[in-house]
Structure formats: structure tokens, C-alpha cells
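Residue numbering for the sequence shown follows our numbering, starting at 6 and increasing by one per position.
For glycine and all other residues, C-beta sits at the position ideal for the given N, C-alpha and C.
Below is one structure, written out as C-alpha cells; the observations come after it.
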Amino acid sequence: MKNHTVFFLFFFLVLIFYIFHIEGIYLNKNSLTNDKNILICDNSIHGKSIKKNNKKKTSDMLPSHMEQRIKNKSKTFFIDGGKNLHLFSKKKRNIHNSNGNKARNSNVLYAEDYKINLTEKPLIEDVPRNVKGRINEWINEFDENNTLGFFPILLEEMSNEPSPLQVGFEDYMQFNGEHVEEIFKNMTREVVINGEKKKIFGMCFFNHKTGVLAPLAIYAEIKDVTKVGNNLAVKGLVRGRVIIDEIVSQEPCILGKISPIEDKKGLVEPEESLKIIDEIIRIHTQCSNMESQLMEQLDQSFASMNIKLRNDLKESIDAKLEKFQIDPSDVEQRQAFVQMASFAAFDFHLMIVDRYDALMLQNSEDRLRFVRDKIRQKQKQLAIIKNTPKDKLHEILQQVQNLKNQNMQPPNFPKNAN
6 MKNHTVFFLF
16 FFLVLIFYIF
26 HIEGIYLNKN
36 SLTNDKNILI
46 CDNSIHGKSI
56 KKNNKKKTSD
66 MLPSHMEQRI
76 KNKSKTFFID
86 GGKNLHLFSK
96 KKRNIHNSNG
106 NKARNSNVLY
116 AEDYKINLTE
126 KPLIEDVPRN
136 VKGRINEWIN
146 EFDENNTLGF
156 FPILLEEMSN
166 EPSPLQVGFE
176 DYMQFNGEHV
186 EEIFKNMTRE
196 VVINGEKKKI
206 FGMCFFNHKT
216 GVLAPLAIYA
226 EIKDVTKVGN
236 NLAVKGLVRG
246 RVIIDEIVSQ
256 EPCILGKISP
266 IEDKKGLVEP
276 EESLKIIDEI
286 IRIHTQCSNM
296 ESQLMEQLDQ
306 SFASMNIKLR
316 NDLKESIDAK
326 LEKFQIDPSD
336 VEQRQAFVQM
346 ASFAAFDFHL
356 MIVDRYDALM
366 LQNSEDRLRF
376 VRDKIRQKQK
386 QLAIIKNTPK
396 DKLHEILQQV
406 QNLKNQNMQP
416 PNFPKNAN
């Protein structure tokens, strides 16, 4: 039992440290990039012209109004676009060899190294289309033309930040490169959403360890595009999920054939679902409060402050409901309300792997319970960590720091850890 407690203590301190690490990044005004593994597409040939841009200042690339708008958002992805796509983990970049020549690095992930295969395609249940009161994710135009261009994103399993792997996610993505407009144009298509013509583009997800493309993908409505030189700032709102059945091409962008994935029609216990939503809002807030207190306990006041500045879940749900024109007081729209509440609750307290599993569910109530149970679990484990003596927390935090710095296997636990 003691070892069991130690395991959860260590595991969740890793997660909390990750939160601390990320929370400290977004107010860095000196660059558009950070130390996280993020996706870059480079216009080099065989990796010979990858440019380091970790010293570029935002003000060198975008006008002041765009700089501030992007800085105020929670996440920005980057693409340095050209005809040949080279994906790599920025954290491990090291392009020059000892002779000063540029060469491929074993730590760099290139597009040709990815296993673009869909051998583990999930079984998706066929459900009714265009259901009143449900978020209808499959667009009618997809029946006529089921191909969609995708912007590839690397998934970090330990991340719990807001991400495109979430219906309702809205943020800026930064596209950089000589052929940026041409590449982005190939990703987009025009469709009709709620009776209005909209432009959309897809986002697909790679496992950053295995390089395998996940079958589940999403598409986003383009809300804003601003071009400055070779830079394109695109604001996207994730509208729905799709399943990638086949990769048609990879240049100038990933183009895939898609099929639908939507929730089954209706709710079995609508009143119980409302109670679960209330509980999720309450324990979601409690988890954030405990994380903030834990950071204070670890003398990480900056991280604690940024956790306190997170959007309140209830406010986040309300904002997403408005964007999707969902009225929570309308009984006929109860399922859509339940769907959006569970999606919004992904932020900060569900790991990427859990979000993926949640999105693969096609039962709205099952997903709501799944999200609640995950946050309940985190709440209990945070309580264990919070009650651990400060010196032990610092000791394990130091091990976590060493682990991240050295990229090694987890160190041995202190034998007397509680």
C-alpha cells in the first residue's frame, strides 16, 4: 500500500511539474517558440536548411496588435512551410555537426520517418445524421467529397494544456515559410455550417514517440487570418471530429479521405447528466486550487499565479456554448450542452491520452462520466501529494527535474517517502 501511494505521488508530481514548467512559458516575451516539443514544417531539402529561430522576437515577425492577440492565447503551433515537409521536435534540435556542416540529426524527426499508416483503425458505429439538439460534426459536403487537408501536430502524452484535440478549442496557429499561403490554401476547403459558408482545415495527430498517425482527427473553422511577410497567423475553432481512412498524399500537405464519427442520438438520464456537470465544475475548480497551493508549497509562486489565472470552467463552458449557438436552458438541446460541457472540462486536468479516449466515445453520457471519473481520480491523488511533507516534495521534484534534464528513465523512489 505504501509503494502504491509512492507511485501516485511520484507520477502526479511529474504532472504537476509539467504544469509548473508550461505555466511559466506563456509570459515569455522574448520569443514565439518555447521549450516544448512543437511541430515545425521546414522548406529545406533533406534537412539541409533548417533554421534556428529560438532567438526571433515576436516584434520582428508580426505587427504589435497581432503580437498581443497571439500572446494572449493559450497555445500557438508553428509551421515553417515549403514543398518538402520535415517535422521535428524542436527541443532536441542540433543541426550543425563538428565540422560546421548541416546534417541530419538522430534526435530530429523527419516526415519520411513517420509511419503514416492506419492499420489500427477503430470500429466506429454508424449513427443518425443531422440530429436536432446534438452537436452535428459531419458536414453534408463531406458526403460529396470526403477528402480534407490536414495540419499535423505532435501529441505529448503528458500534456494537459488546452489543445486542438478538443471540440470547441479556439486559438491561433502560426504558419511560417516561403510558400505559406500556397500550403495553407491546399489545407482548406469551403463548406456550409449552420447555413453559412465557412472555410475549414483539418488537424491530424502524431504520437511523438512512435511517429504513428492517429486515426482520429479534427477540423477547424477559420475565424481569422493575418499575413505578414512569410508568416500567417490563423485562428481556428475546432468544430468536429473525423476518422482518417486513407492518406491520399503528403505534399504539399497531408491529404486524407475521411469518414464520420459522431455521438449517438439522445440522452438516457438527462437530469443525472446535469448533476454530473455540476460536480465536474466543482471538482475541476478544486483541482486547480490544489495545484496552485502545491506550487506555493514548492515555492513556485509564478506557476501558482498562472494557475490562478486559468479560465473558470463554467465561464469556458458558457463561451463555447455561445460559439456553437447552444442554449443550455432548452431541453431539446440538452445533449449538445452535455457534449460541450465534457469537451470543455478537458482543459488542464485530462492528459492527452485521456482526451483521445474521450473523443473516441460515441455516447455523450459515457464521455461525461469518463471525464468526471478522471478528474475525481486526479483530485484524490492531488490530495495525497498536498499532504506530503514539503521536504519530500522538494526531493521528488528535484528527481523530476533531473529526469527532464537528462531524458533518463525514472529514478528510484526514496525508501522513506510517504
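Who pairs with residue i in a beta bridge, going by DSSP?
{"i": "Ile-1", "result": "Here the chain comprises residues numbered 6 to 423, so residue 1 is not present and cannot be evaluated."}
{"i": "Thr-424", "result": "Past the boundaries of the shown model lies residue 424; the chain is included only from 6 to 423, so the question cannot be answered."}
{"i": "Ile-205", "result": "Arg-194 and Glu-226"}
{"i": "Asn-199", "result": "Beta-bridge pairing links Asn-199 to no other residue."}
{"i": "Asn-212", "result": "Leu-160"}
Is residue i helix, strand or coil when you go by DSSP?
{"i": "Ile-266", "result": "coil"}
{"i": "Thr-393", "result": "coil"}
{"i": "Gln-384", "result": "helix"}
{"i": "Ile-285", "result": "helix"}
{"i": "Gln-356", "result": "Correcting the residue type first, residue 356 is Met in the shown sequence and not Gln. Coil at Met-356, not helix or strand."}
{"i": "Ile-144", "result": "coil"}
{"i": "Asp-429", "result": "The first residue shown for the chain is 6 and the last is 423, placing residue 429 beyond what the model contains."}
{"i": "Phe-189", "result": "helix"}
{"i": "Val-217", "result": "strand"}
{"i": "Glu-175", "result": "strand"}
{"i": "Ala-350", "result": "coil"}
{"i": "Leu-366", "result": "coil"}
{"i": "Pro-275", "result": "helix"}
{"i": "Leu-299", "result": "helix"}
{"i": "Arg-168", "result": "Note that residue 168 is Ser in the sequence shown, not Arg. In the structure shown, Ser-168 sits in coil (DSSP, three-state: anything other than H, G, I, E or B)."}
{"i": "Lys-137", "result": "coil"}
{"i": "Ile-322", "result": "helix"}
{"i": "Asn-294", "result": "helix"}
{"i": "Lys-126", "result": "coil"}
{"i": "Asp-131", "result": "coil"}
{"i": "Ser-79", "result": "Confidence in Ser-79 is poor, its pLDDT being 34 and thus under 50, which makes the residue's placement unreliable; the coordinate value appears in the next sentence. Residue state, collapsed to three classes: coil."}
{"i": "Asn-407", "result": "helix"}
{"i": "Asp-378", "result": "helix"}
{"i": "Val-336", "result": "helix"}
Cα separation between residue i and residue j?
{"i": "Arg-246", "j": "Arg-381", "result": "26 Å"}
{"i": "Leu-279", "j": "Gln-384", "result": "20 Å"}
{"i": "Glu-274", "j": "Asp-396", "result": "47 Å"}
{"i": "Lys-325", "j": "Ala-349", "result": "8 Å"}
{"i": "Glu-4", "j": "Gln-330", "result": "This structure leaves residue 4 out entirely; the chain is present only between 6 and 423."}
{"i": "Pro-257", "j": "Glu-186", "result": "11 Å"}
{"i": "Ile-140", "j": "Asn-407", "result": "45 Å"}
{"i": "His-213", "j": "Ser-164", "result": "12 Å"}
{"i": "Met-295", "j": "His-399", "result": "17 Å"}
{"i": "Gly-261", "j": "Cys-292", "result": "39 Å"}
{"i": "Gly-309", "j": "Leu-303", "result": "It should be noted that the sequence gives Ser, not Gly, for residue 309. Computed Cα separation, rounded: 10 Å."}
{"i": "Asp-371", "j": "Leu-387", "result": "24 Å"}
{"i": "Thr-290", "j": "Ile-322", "result": "13 Å"}
{"i": "Leu-299", "j": "Leu-170", "result": "27 Å"}
{"i": "Ser-168", "j": "Glu-149", "result": "29 Å"}
{"i": "Arg-315", "j": "Ala-346", "result": "17 Å"}
{"i": "Asn-199", "j": "Lys-313", "result": "36 Å"}
{"i": "Lys-203", "j": "Phe-147", "result": "14 Å"}
{"i": "Gln-344", "j": "Ser-369", "result": "6 Å"}
{"i": "Gly-173", "j": "Ser-334", "result": "19 Å"}
{"i": "Val-253", "j": "Lys-270", "result": "32 Å"}
{"i": "Thr-193", "j": "Lys-240", "result": "13 Å"}
{"i": "Thr-231", "j": "Glu-267", "result": "32 Å"}
{"i": "Leu-160", "j": "Lys-228", "result": "24 Å"}
{"i": "Met-356", "j": "Asn-191", "result": "31 Å"}
{"i": "Asn-392", "j": "Asn-311", "result": "22 Å"}
{"i": "Asp-131", "j": "Pro-265", "result": "8 Å"}
Following the continuous beta strand (DSSP E) through residue i, name the residue where it begins and the one where it ends.
{"i": "Glu-251", "result": "236-254"}
{"i": "Leu-221", "result": "221-233"}
Since residue i is in the alpha helix (DSSP H), which residue starts that stretch and which ends it?
{"i": "Asn-311", "result": "306-313"}
Can you find a CB in chain C that lies within less than 8 Å of the CB of residue i?
{"i": "Met-365", "result": "Included in the structure is just one protein chain, with no chain C present."}
Any heavy atom of the ligand SAM closer than 7 Å to the Cβ of residue i?
{"i": "Gly-271", "result": "Although the ligand SAM was asked about, the structure shown includes no ligands whatsoever."}
Are the stretch 194-208 and the stretch 148-155 touching, with three or more C-beta to C-beta distances below 8 Å? The stretch 148-155 and the stretch 194-208 touch, with three or more beta-carbon pairs separated by less than 8 Å.
Tell me, please, whether the stretch 352-365 touches the stretch 133-145 by the rule of three or more beta-carbon pairs shorter than 8 Å. no
Is the number of C-beta pairs between the stretch 169-183 and the stretch 235-246 that are closer than 8 Å three or more? Counting Cβ pairs under 8 Å, three or more are found: they touch.
Count the CB pairs spanning the stretch 335-350 and the stretch 371-381 that are closer than 8 Å, and state whether there are at least three. yes
With a cut-off of 8 Å, do at least 3 Cβ pairs link the stretch 215-227 to the stretch 246-259? yes
For the stretch 212-222 against the stretch 282-302, are there 3 or more C-beta pairs whose distance is under 8 Å? Counting C-beta pairs closer than 8 Å gives fewer than three between the stretch 212-222 and the stretch 282-302, which falls short of the contact rule.
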